[in-house]
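Protein chains in written order, with the working numbering: chain A, 653 to 1125; chain B, 653 to 1125; chain C, 653 to 1125; chain D, 13 to 124; chain E, 13 to 124; chain F, 13 to 124. These notes concern the structure reproduced below.
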Amino acid sequence: MNTMTKLGGVGAFAASALASLPLWAQEAAGPIKAPDAAAMAGMVDKGDTTWMLVSSALVLLMAIPALGLFYGGLVRTKNMLSVLMQVFMIVSIVAVIWVVYGYSVTFTGGGAFIGGFSKMFLAGVSTGTYAATFSNNVYIPEYAFVVFQMTFACITPGLIVGAFAERIKFWPLMLFAVLWVSVVYFPVAHMVWYWAGPDFLSDNVTDAGYLWAMGALDFAGGTVVHINAGIAGLVGCLVIGKRVGFGKENMAPHSLTMTMVGASLLWVGWFGFNAGSNLEANGLTALAFINTFVATAAAALAWVLIEQLRHGRPSLLGAVTGAVAGLVAITPASGFATPMTSIVLGFVAAPACYFFVSYVKSKVRYDDSLDVFGVHCIGGIVGAIATGIVADPSLGGQGWYDYTVFPAVAGTYDMGAQVITQIKAVAITLIWSGGISFILFKGIDMIFGLRPTAEDERQGLDQTSHGESAYNM
Amino acid sequence: MNTMTKLGGVGAFAASALASLPLWAQEAAGPIKAPDAAAMAGMVDKGDTTWMLVSSALVLLMAIPALGLFYGGLVRTKNMLSVLMQVFMIVSIVAVIWVVYGYSVTFTGGGAFIGGFSKMFLAGVSTGTYAATFSNNVYIPEYAFVVFQMTFACITPGLIVGAFAERIKFWPLMLFAVLWVSVVYFPVAHMVWYWAGPDFLSDNVTDAGYLWAMGALDFAGGTVVHINAGIAGLVGCLVIGKRVGFGKENMAPHSLTMTMVGASLLWVGWFGFNAGSNLEANGLTALAFINTFVATAAAALAWVLIEQLRHGRPSLLGAVTGAVAGLVAITPASGFATPMTSIVLGFVAAPACYFFVSYVKSKVRYDDSLDVFGVHCIGGIVGAIATGIVADPSLGGQGWYDYTVFPAVAGTYDMGAQVITQIKAVAITLIWSGGISFILFKGIDMIFGLRPTAEDERQGLDQTSHGESAYNM
Amino acid sequence: MNTMTKLGGVGAFAASALASLPLWAQEAAGPIKAPDAAAMAGMVDKGDTTWMLVSSALVLLMAIPALGLFYGGLVRTKNMLSVLMQVFMIVSIVAVIWVVYGYSVTFTGGGAFIGGFSKMFLAGVSTGTYAATFSNNVYIPEYAFVVFQMTFACITPGLIVGAFAERIKFWPLMLFAVLWVSVVYFPVAHMVWYWAGPDFLSDNVTDAGYLWAMGALDFAGGTVVHINAGIAGLVGCLVIGKRVGFGKENMAPHSLTMTMVGASLLWVGWFGFNAGSNLEANGLTALAFINTFVATAAAALAWVLIEQLRHGRPSLLGAVTGAVAGLVAITPASGFATPMTSIVLGFVAAPACYFFVSYVKSKVRYDDSLDVFGVHCIGGIVGAIATGIVADPSLGGQGWYDYTVFPAVAGTYDMGAQVITQIKAVAITLIWSGGISFILFKGIDMIFGLRPTAEDERQGLDQTSHGESAYNM
Amino acid sequence: MKMIIAAIKPYKLDEVREALTTIGVRGMMVTEIKGFGTQSGHTEIYRGAEYAVNFVPKMRLEIVVADSMVDTVVDAITTTARTGKIGDGKIFVMDVEKALRVRTGELDDDAL
Amino acid sequence: MKMIIAAIKPYKLDEVREALTTIGVRGMMVTEIKGFGTQSGHTEIYRGAEYAVNFVPKMRLEIVVADSMVDTVVDAITTTARTGKIGDGKIFVMDVEKALRVRTGELDDDAL
Amino acid sequence: MKMIIAAIKPYKLDEVREALTTIGVRGMMVTEIKGFGTQSGHTEIYRGAEYAVNFVPKMRLEIVVADSMVDTVVDAITTTARTGKIGDGKIFVMDVEKALRVRTGELDDDAL
Ligand SMILES: Nc1ncnc2c1ncn2[C@@H]1O[C@H](COP(=O)(O)OP(=O)(O)O)[C@@H](O)[C@H]1O
Ligand SMILES: Nc1ncnc2c1ncn2[C@@H]1O[C@H](COP(=O)(O)OP(=O)(O)O)[C@@H](O)[C@H]1O
Ligand SMILES: Nc1ncnc2c1ncn2[C@@H]1O[C@H](COP(=O)(O)OP(=O)(O)O)[C@@H](O)[C@H]1O
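This is the structure in structure tokens:
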């Protein structure tokens, strides 16, 4: 889904050329450069199309109900619906925006930092247009690509709301989400994921997003999704301030059952997120799938072991939090690592996140209600940087491929340089998202106010913001 | 899945001919007419087979747990299990019936209103028989088609139970479900969805269901599923009467959390329902998928905005109800509209349903417990009629295709005429289902009684009908 | 996935040869014997790859959240998290083990009872290696096979915990799970499912697991998964003893809502388990899918009818228990039966399990908390033996195929002999798993103790073992 | 002052509350309880295991009023809560020595 | 008449109920409460945040009986609810001035 | 001995509990109740159907203490539970004739 998946692409190409190319192409001297739509139509495999549609459904599943339940179970009963509502409506609003201008500004050329308006309202997209994958001469229906990318845009701002759950007004938050995707998510996604495609780049080597061109590796969104949302969450909870009664009153999760269901469905859905990011269904897709599975398992285990050592008892909340930390950390690396290096990554990510969630937070005493920063930002950073290591072919990693030549060839891997590049990409994302998010939160707070009255907060947002109760038993 | 998907079919054909046809067919002068089973075997793409199986699983997910939870969360604790039980057992019983005679009477030729008994007990269906799609020379394993259609038969009667939830006896309801699918669902599905297939119709142009032949467009079941069930629900709640304490006692939903989970899973599963209805995985499938996504999002947003205007507060129940209204409305149009016209359709469907749910119902004072009529019937009608508009190629729609010639060609689109046809199809469905359902409800009520005693109703159906409690906390 | 699926394999071959084989193979004289990796690369269909990845996700869904909720809803509130935790962590730990040595000892040759260590840490597995299916010359990426099989290893020990729920210490249980998969699951899976593959066996007819070679038919794991886990559960609950207050105190399920959600998701996920076991997406896969659907429906109906006769009221718990019994029973037969014989199987399995769950258990008075033995072991036995009957081609069954010749041919079916073979396989599994499980439970109990103090058990494992509460409402 | 404790059928709560408000009662405490009495419970069966549920859900009302109002209140509850079926409930009257309104510190009758 | 209020361990409820029925008690009100006393609660840790749960779940019984029965009832509860461990609970006896059965209007002892 | 019954705002429970412990109260019974009083409830709208929720969640405390301690306890509750806003709650004092500790059989003041 970005430069590191160039490798993915060509790994795929190497692995499944015979299968993925139409016969005439095989009989011919190899792949065709810059095919036209008619030719592309012959380069579509229905197995890929099916995989991308399934993956899109899985990513929606991650947002609703999974993320809603994972977060909602952790708040107090009186705020359950407010969290579910925030996630549900962010998905709905962003989906509409995506069709109107999001897809266009993210996935058309024009600049290194943002695309153009040529595909607003999906102009020019039809059942007869196709999107490139990471393999030469392998295409998928453009609508499948549009909807897959849409699900990413829908869930990312939803991740942020956990940081200031239980104390935010609904409409100002929606406004924030609209502005945030427009000036933070779309540009960052463009920088990391936009490029001309493997059959076209060689003729126009500059036609790519800024970070993509820089060579940053992010298979499924460590920077674009998790660091991006994680830092925005931290900024938000600092601007908004602590919950009434924070540190004094008991704020225990109202239903860890719902949190476990959410975490489990996140795990299941994440396969669409990570393995789907390969844009086709081949051996590399299977690798991304198994890496996602085992890194998560390892991180859950690691978190539980830490709790056993520190408190003498492992908790379910610890297990699922570890699992999510693992999912976040493997996201950028899922298409580059091996199952074994993925396990190591999971074992490393868990303690890092644990340290911020259970130690740093209580020391610094900021009220990141549901640990968006501690899990998503920290886990994302660990994963993004580690990607530079695990991707090294000398560790069995998939390395990277050079699409500036046609057909793409493997590039020579320099771990040190790659790690530097990864760190740069992380820094740029932190600054871009952190800075702009601060401006947005401050601005909205000054103009409309972000926070409900203390009375309303005490009574709970379900009744005061939405006029309902989650349970009437 | 019916005539309007002829367009789908050929849209697909146009779009993915090279991919979807075996090479020899391409090298030859084009598709083959009336292929035999051996030839069909070469016209199966495993990507399509996978997509149909995934879609079938997704539609089952819609029924259980999704529909059960969406409905169950809205009733009072004491009736939770009764609703879950009704949906679960309707699915189970109808699945058995489908294999015994449902598939045969629905999907074999014989008449314009009902099929024959030649495939009872799935006689003649094997791993070596195939079902046609909407593309010439594209086939799927017949078992995949049987099970996909089975899931539609299983969920449709389940939709009805919401209209008289909290006040119906279990076995009489099961009897109703058995009779209803037999004399209402199977015939209507046959009328709308049965036809000889693209490679055979040209030789036998009359071999199709009544409404199919009439040219009604219903991509995934606006008439067959939603109007059909919605009107039956209204009739049922009128025959059965209001709940004890209706209008006096507080009947607030016992768990909006469960309702949100149900709605979210309905959304996810609905992709199998709508995009699966294309019977193969191509660009048109992706179009149906994204249309389903954005129409739902738009309707959720619209409903929430209306609540904000009317009550000054948006509710989660409003958001998910709007989403379901959008899903219902886009169902018949999903393979015909563009993403933009789908958004418009969502914005139109929401207020229409809102008007019936929050205004008409309270004025007329019928007790449609869970708004089966207000959401499914009204949303279905809006969608079915709007399909005649959004399908117009002049609006970017997919138009319709003429399968009476081989290979199929695009038909000339007359919006006015098409809208009339759509209205006819709606009217026929309303009369057929409404009338027969009334007879069934009345008859069962007279013979066995539909309603439990007031005492049992007060205590709750979970304890009195099933001898259990949903929660023992 | 084992010898009976030889038939599956060849059924598939017969059914979809044209589709599943690359054209050059068709144009040539037929399938190629012992292809090398490069050739295999051309024998991969992305539709199959997609199906296997989807199936893997579905099986994970079965474990978390489905199994966790199905079990968790049945325990008392105070033990909810302990059950969720046990299932979640068993999945996590076993996933790691699978990569380290599980896959290697299960799916490499070496012996009839256990494989070798050549693929430890997945050595030699890459995006360019492939796993055989049951069709000649049809391959899938090996990583897809590794992860699909991994999900089976992850869920099986999770099934066991239901037998002694509410009264076991966490870490000793984890230790048991690790040892049990190592000395019970991996060997049994190797015995039943390991073989050289259809393109290689003919040159090395002895390269297969013991029970596979014996000709036992187990399409998706009746012996390996359900009998294996079911008997281990019985042994466990006998070694550990009854719950404090068993038979005296009210131990009603704390949330049948969660149990219904779990059962429904089990049903949905089971399609990946059973139909996925065909390892490719063809007509036979669709058959396994529909068989799974209708056997489950029939068993749910049967159970409900029995309750109606015995208690005058059908219960939701009965419906879902029947459904699971049907799912278990059809598992070994799913790729062999017809939909009609599957319905019969469901109708037979339900009463058998009912008898053990509601009658035998209370007579013998062992405390199998969640009926792991009564449902999984008994249902598994019924299914395994019945497989010998329903697989008979004279009943429309798929028979078995002989892979010792190349390409594979249909073997002549002897129902009597096959049933004997099935019984043998059942007996061997019961003895192997029952015996070793006993040793493991006893050993761990003596060394670490399996059971918490009566005080802790009274207060509930959530607070005493994990320091949390499932609900704070 | 007296405290009137009443156990009534849950669905009668709103009616009773209204009746009491109309006769001038300005406050009460309501608790969901399990009632045990002549009215029998029910049995539940889970996978063949039978459990007798001996308790019936009831609403317990506590109303503190000036002595003068006791009879009016008792009558109001009796008439509205009565269905004539077993399980209608009970009313008990107990003495209260002191009452205080936390917000203002007002005492006794003024506190009610 | 007297009202006997007892706080006992939840799992003792059924035993106590049976004991009381055998000695002729025909009704009671049961409430799930959080008890605070010598018996200490427990601590829960969520992502490192520790919460001390100071309350222990108890069952609160209210039984109104004729004066003559008070001692028998108190004894019955004491003997069945006692485990000897901290947290067994307390029994309080208070005076009831009036009792009424809603269904029939019967008064005092007849109402019980 | 006296039983002090107080209805307070839920979030004040921990504060009050601490205040009472410091003045030597060694036990209490706490019940989650629905309070009805001057403080108005709220309305909820589900698909256009409006429901007035007339009750406000409160915590009900029951504390039995020796007569000598009554005033201290009442004061402690009043000062900690008071916010000055409507709905702070009420305190009622009633007489207790007998108290008993199930575990030991200790009576009256010793039982507390
Ligand atoms: N002796 C008692 N002490 C306290 N509460 C009682 C007593 N007897 C009955 N109750 C309460 O009154 C409710 C109704 O009593 P019950 O005997 O079932 O019906 P009825 O009042 O019509 O005779 C019971 O559920 C219980 O809550
Ligand atoms: N002073 C009191 N007033 C009211 N209830 C009390 C009082 N003291 C104890 N209780 C109740 O009795 C229960 C048991 O008391 P506790 O001191 O924990 O054990 P024990 O009774 O064995 O000394 C407490 O949980 C509480 O519900
Ligand atoms: N007459 C009464 N009898 C019993 N409880 C009462 C009475 N009046 C008020 N309460 C309790 O006190 C709570 C607070 O009373 P309210 O009138 O709302 O506010 P305030 O005490 O500030 O006037 C109520 O919610 C109710 O639980």
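Cβ atoms here follow ideal geometry from the backbone N, Cα and C, with glycine treated the same way. Nothing here was measured: the structure is a model prediction, and the numbers come from that model.
From the beta carbon of E1109/B, is the nearest beta carbon of chain A less than 8 Å away?
-> In the second sequence, the residue the question calls residue 1109/B occupies position 457. Chain A, which has no Cβ nearer than 8 Å to the Cβ of E1109/B, makes this no.
Output the distance between the C-alpha atoms of L931/C and F786/C, rounded to the nearest integer angstrom.
-> What you label residue 931/C is simply residue 279 of the third sequence in a count that begins at 1. What you label residue 786/C is simply residue 134 of the third sequence in a count that begins at 1. Near 7 Å, if we compare the C-alpha coordinates of F786/C and L931/C.
Which residue's Cα is closest to the Cα of I1080/B: Y1053/B, S1010/B, L863/B, M903/B?
-> Position 428 of the second sequence, counted from the start, is the residue given in the question as residue 1080/B. Comparing Cα-Cα distances from I1080/B to each of Y1053/B, S1010/B, L863/B, M903/B, the minimum goes to L863/B.
Chain-ordered chain E contacts of V1009/A [CB-CB under 7 Å] = Counting from 1 along the first sequence, the entry for residue 1009/A is found at position 357. The contacting residues are R59, G60.
If we call anything under 8 Å between Cβ atoms a contact, is P850/A one with A829/A?
-> Walking along the first sequence from the start, residue 850/A turns up at place 198. Walking along the first sequence from the start, residue 829/A turns up at place 177. The answer is no: Cβ separation not under 8 Å.
Consider the Cβ of E44/F: report whether some Cβ of chain B lies at a distance smaller than 8 Å.
-> As a working note, residue 44/F is residue 32 in the sixth sequence. Cβ-Cβ to chain B under 8 Å: no for E44/F.
Simplified DSSP assignment, three categories, for I103/F | What you label residue 103/F is simply residue 91 of the sixth sequence in a count that begins at 1. Looking at I103/F - three-state DSSP - the assignment turns out to be strand.
Would you list the residues whose beta-carbon is nearer than 7 Å to any heavy atom of ligand 2, in the order they occur in the chain?
-> A19/E, I45/E, G47/E, F48/E, G49/E, T50/E, Q51/E, V68/E, K70/E, I98/E, G99/E, D100/E, G101/E, K102/E, V37/F, R38/F, G39/F, M40/F, M41/F, E74/F, I75/F, V76/F, V77/F, R113/F, V114/F, R115/F, L124/F
A947/C beta carbon less than 8 Å from that of S994/C = In the third sequence, the residue the question calls residue 994/C occupies position 342. In the third sequence, the residue the question calls residue 947/C occupies position 295. It is a contact, given that the beta carbons lie within the stated cut-off.
Take the Cβ of G923/A as the centre, count every other Cβ of all protein chains shown within 10 Å, and call the residue buried at 16 or more, exposed below.
-> Taking the first residue of the first sequence as 1, we reach residue 923/A at position 271. The residue asked about is misnamed: residue 923/A is Phe in this sequence, not Gly. So F923/A counts as buried.
For the beta strand (DSSP E) holding L112/D, just list the boundary residues, first then last.
-> Reading the fourth sequence from its first residue, position 100 is the one you call residue 112/D. Note, L112/D: beta strand (DSSP E), 110-113.
With 9 Å as the limit, tell me which residues of the region 949-983 of chain B have their beta carbon closer than that to any beta carbon of chain F; keep them in chain order.
-> E959, R962, H963, R965, S967, L969, G970, T973
When A78/F, D83/F, G99/F, D26/F are compared against G53/F, the one with the closest alpha-carbon = Locating residue 53/F in the sixth sequence gives position 41, where the first residue counts as 1. It is G99/F.
Comparing alpha-carbon positions, which option in T729/A, S967/A, W1052/A, T990/A lies nearest N731/C?
-> In the third sequence, residue 731/C corresponds to position 79, counting from 1. The shortest Cα separation from N731/C among T729/A, S967/A, W1052/A, T990/A belongs to S967/A.
Residue from R59/D, F67/D, I75/D whose Cα sits closest to the Cα of A123/D | Counting from one through the fourth sequence, the residue named residue 123/D turns up at place 111. Measuring from the Cα of A123/D, the nearest candidate turns out to be I75/D.
Mind checking G1051/B: buried by the 16 CB within 10 Å criterion, or exposed?
-> Along the second sequence, read from residue 1 onward, the residue named residue 1051/B stands at position 399. Buried.
What residue range is occupied by the uninterrupted alpha helix (DSSP H) comprising H54/D?
-> Taking the first residue of the fourth sequence as position 1, residue 54/D is located at position 42. Element bounds for H54/D: not the alpha helix (DSSP H) but the beta strand (DSSP E), 54-58.
Assuming A940/A contacts S986/A (C-beta within less than 8 Å), just tell me the rounded distance between them.
-> Here residue 940/A refers to the residue found at position 288 when the first sequence is read from its first residue. Here residue 986/A refers to the residue found at position 334 when the first sequence is read from its first residue. Yes, they are in contact, since the Cβ atoms of A940/A and S986/A sit about 4 Å apart, within 8 Å.
State the DSSP-derived secondary structure class of D1054/B, mapped to helix, strand or coil.
-> In the second sequence, residue 1054/B corresponds to position 402, counting from 1. Looking at D1054/B - three-state DSSP - the assignment turns out to be strand.
Straight-line Cα distance separating R72/F from G885/C | Indexing the third sequence from 1 puts residue 885/C at position 233. Indexing the sixth sequence from 1 puts residue 72/F at position 60. Each residue's Cα considered, the two are about 46 Å apart.
Through-space distance from W1084/C to V836/C, alpha-carbon basis = Position 184 of the third sequence, counted from the start, is the residue given in the question as residue 836/C. Position 432 of the third sequence, counted from the start, is the residue given in the question as residue 1084/C. Cα-Cα distance, rounded: 7 Å.
Neighbour-count burial assignment, G1087/A, 16 or more Cβ in a 10 Å radius | Within the first sequence, residue 1087/A is the residue found at index 435, counting from 1. Exposed: under 16 other Cβ atoms inside 10 Å.
Determine the closest residue to A841/A out of A693/A, T760/A, T781/A, with distance taken between C-alpha atoms.
-> Sequence index remark: in the first sequence, residue 841/A carries index 189 (1-based). Taking only the C-alpha atoms, the option nearest A841/A is T760/A.
Which bits of chain B does E56/D rub up against, with CB to CB less than 8 Å?
-> Numbered from 1 along the fourth sequence, position 44 holds the residue referred to as residue 56/D. Under the 8 Å cutoff, chain B gives Q1115, G1119, E1120, S1121.
I think I807/A touches D700/A, with their Cβ atoms under 8 Å apart; what is that distance to the nearest whole Å?
-> The sequence position of residue 807/A within the first sequence is 155, counting from 1. The sequence position of residue 700/A within the first sequence is 48, counting from 1. About 22 Å separates the two Cβ atoms, so there is no contact after all.
CB contact check: Y23/D to chain C, cutoff 8 Å = Here residue 23/D refers to the residue found at position 11 of the fourth sequence. So no, Y23/D is outside the interface.
Just to confirm, are A715/B and T875/B a CB contact at a threshold of 8 Å?
-> Within the second sequence, residue 715/B is the residue found at index 63, counting from 1. Within the second sequence, residue 875/B is the residue found at index 223, counting from 1. Their beta carbons are not under 8 Å apart, which means A715/B does not touch T875/B by this criterion.
Beta-carbon contacts of H1146/C that lie in its chain and below 6 Å, excluding the five residues immediately before and after | Since the first residue shown for chain C is 653 and the last is 1125, residue 1146/C is missing from the structure and cannot be characterised.
Top-ranked residue by Cα proximity to M695/C, from G970/C, S707/C, G682/C, R895/C | The residue labelled residue 695/C in the question sits at position 43 within the third sequence. If we check each option's Cα against that of M695/C, G682/C comes out closest.
Per DSSP, what kind of secondary structure is G780/A in: helix, strand or coil?
-> Counting from 1 along the first sequence, the entry for residue 780/A is found at position 128. It is coil, neither helix nor strand.
Does the beta carbon of E794/C come closer than 8 Å to any beta carbon on chain E?
-> Here residue 794/C is taken as the residue at index 142 of the third sequence, counted from 1. Closer than 8 Å: no.
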